[in-house]
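Q:
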Amino acid sequence: MLLNRRDFIRAGSLSGAGLILSPMLIQRCTPSDPADAGLLELYDGFQNPPMDARPFVRWWWNGDRLTAEEILRELDVMKDAGIGGVEINPIKFPFGADPVAYETLQWLSDEWIEMLKVALDGARERGIVCDMIVGSGWPFGGEFLQKEEQSQMVTIETIHLEGGQPYQFPREELLQKVDPDIHSKNETVYRDLMMIRLMPETSEKFTEGIDLSDQAGEEIITLDVPEGKHVLHYVVKLTGYMAVINGAPGAAGPVLNHYNKPAAERYLNRLSAVLTEKIGFMGDYLRAMFCDSMELEGANW
854 MLLNRRDFIR AGSLSGAGLI LSPMLIQRCT PSDPADAGLL ELYDGFQNPP
904 MDARPFVRWW WNGDRLTAEE ILRELDVMKD AGIGGVEINP IKFPFGADPV
954 AYETLQWLSD EWIEMLKVAL DGARERGIVC DMIVGSGWPF GGEFLQKEEQ
1004 SQMVTIETIH LEGGQPYQFP REELLQKVDP DIHSKNETVY RDLMMIRLMP
1054 ETSEKFTEGI DLSDQAGEEI ITLDVPEGKH VLHYVVKLTG YMAVINGAPG
1104 AAGPVLNHYN KPAAERYLNR LSAVLTEKIG FMGDYLRAMF CDSMELEGAN
1154 W
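Oh and the sequence shown: position 43 is 896 in the numbering used here, straight run, nothing missing.
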């Protein structure tokens, strides 16, 4: 039988209502009837579902300010509340919050990994399923990334020019003019001038303009603009322009270039190697590792 979305929701609502009233049905069950026995088993399953069928929650590790006692206390609170699983998410400490004398631990430091082991062991003892974010905040990155491993954007800038006169532009001035509206800007941004071309402001037919890209490496860009209105177009590559959103110490700084396969593999292998060395096979403790939000803010290169 095929159901559209509306009929499916209506049927699901009625089924839910039936389960709420199921104690009345259970009273009429007889063990000799296989259908009734199945209903009783289904009802018991909803009364006491397995851990992997219970709600999961995001477990913020604010600023990685951690102690073993607090980790275990929170696990007990979550288990008592009926929580079946957690997503461990180290994140920047909230602005203006009280650290209550808790010290920040660096992501992947020996001290941090010891706290992670406390959490993973404690969750397993309580039957709580664990997932963990790759890195901290989103999307993942870190202060340790080399330039070629950081996210990249290629963008274009223009300058309108009156013709019939020469111009000189310092290359650094052109580069600094390129400042796209990024929500999470990184402190250190590398800018490379890739292409320069002078074009008429308007044209009735296709024209290639004047290619000035041979000056891209010069400190001063020099050009003689022909008569008429023209536009100087130039292309700039930005590297490391974006910072991890809400990244905790050790995994903050520039965002990883997710389009660079070797860089992504090095990042993931670094994480897995450290955890495997200190904790053991990750599959014994973690169901999954993930990136919760791919907000790459214009990355295109």
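All C-beta atoms, glycine included, are put in the ideal place defined by N, C-alpha and C.
The model shown is predicted, which means the values in this text are computed figures rather than measured ones.
Measuring only the C-alpha atoms, how far is Leu958 from Gly935?
A: 29 Å
Q: Just grab the DSSP bridge partners of Ala1096 for me.
A: Pro1107
Q: When you compare the CB positions of His1083 and Glu1025, do they come within less than 9 Å of one another, or not?
A: no
Q: How many Å lie between Gly1070 and Phe1134 at the Cα?
A: 49 Å
Q: Using DSSP with H/G/I as helix, E/B as strand and the rest coil, what is Ala934?
A: Here DSSP, grouped into helix, strand and coil, assigns Ala934 to coil.
Q: Is Lys1114 near the ligand PLP, going by C-beta to nearest heavy atom under 8 Å?
A: Summarising the ligand content, the structure contains no ligands, and the ligand PLP is consequently not present.
Q: Would you report the Cα separation of Leu1027 and Leu1121, rounded to the nearest angstrom?
A: Each residue's Cα considered, the two are about 36 Å apart.
Q: Can you give the beta carbon distance from Val930 to Ala976, rounded, assuming they're within the 8 Å contact cut?
A: In fact, because the Cβ distance is near 13 Å, the residues do not count as touching under 8 Å.
Q: Go ahead and label Ile986 buried or exposed: buried means 16 or more other beta carbons lie within 10 angstroms of its beta carbon, across all protein chains shown.
A: So Ile986 ends up on the buried side.
Q: Between which two residues does the beta strand (DSSP E) holding Val1192 run?
A: The structure shown does not extend to residue 1192, since the chain is modelled only from 854 through 1154, so no value can be given for it.
Q: Three-state secondary structure (DSSP) at Trp991?
A: Annotated three-state conformation of Trp991 is strand, per DSSP.
Q: If you check the beta carbons only, do Leu1128 and Ser1004 fall under 9 Å apart?
A: Not a contact, by the Cβ cut-off of 9 Å.
Q: Buried or exposed: Met877, going by 16 or more other Cβ atoms within 10 Å of its Cβ?
A: Reliability of the predicted coordinates at Met877 is poor, the pLDDT of 49 falling under 50, and the value obtained from them is presented with this limitation in mind. Exposed is the call here.
Q: What separation, rounded to the nearest whole angstrom, lies between the Cα atoms of Leu961 and Leu1124?
A: Each residue's Cα considered, the two are about 8 Å apart.
Q: For the stretch 1111-1120 against the stretch 963-977, are there 3 or more C-beta pairs whose distance is under 8 Å?
A: Result no; under three Cβ-Cβ pairs closer than 8 Å.
Q: Excluding sequence positions up to five away, which residues of its chain have a Cβ less than 8 Å from the Cβ of Ile941?
A: Trp912, Trp914, Leu969, Ala972, Cys983, Asp984, Met985, Ile986
Q: Taking all protein chains shown into account, decide if Gly1136 is buried (16 or more other Cβ within 10 angstroms of its Cβ) or exposed.
A: exposed
Q: My assumption, with CB atoms under 8 Å, is that Pro943 sits in contact with Ala1104. Please give the rounded CB distance.
A: 7 Å
Q: Measuring only the C-alpha atoms, how far is Met904 from Gly891?
A: About 21 Å.
Q: Is Asn852 buried or exposed, if buried means 16 or more other CB atoms sit within 10 Å of its CB?
A: For residue 852 there is no data in the structure shown, the boundaries of the chain being 854 and 1154.
Q: What's the C-alpha gap between Tyr955 and Ile924?
A: 12 Å
Q: Looking only at C-alpha atoms, which of Asp1145, Arg1140, Ser1146 sits nearest to Ile981?
A: Arg1140
Q: CB-CB under 7 Å to Phe1143, same chain, minus the five flanking residues each way: which ones, in chain order?
A: Asp984, Ile986, Val987
Q: Is the Cβ-Cβ distance between Tyr1087 and Ile1009 less than 9 Å?
A: yes
Q: Measure from the alpha carbon of Lys1000 to the alpha carbon of each residue in Tyr1138, Glu978, Leu1109, then state which is nearest.
A: Leu1109
Q: Is it buried or exposed, Ser1066, if we count other Cβ atoms within 10 angstroms and call 16 or more buried?
A: exposed
Q: Return the CA-CA distance between Thr1055 and Glu1080, expressed in angstroms with no decimal places.
A: If I take the Cα positions, the gap works out to 13 Å.
Q: Anyone know if the C-beta pair for Pro992 and Met1147 falls short of 9 Å?
A: yes
Q: Among the residues of its own chain, which have a CB less than 6 Å from the CB of Pro1019, if the five just before and after it don't count?
A: Correct list, in chain order: Asp1077.
Q: DSSP state of Ala1126, grouped into three classes?
A: helix
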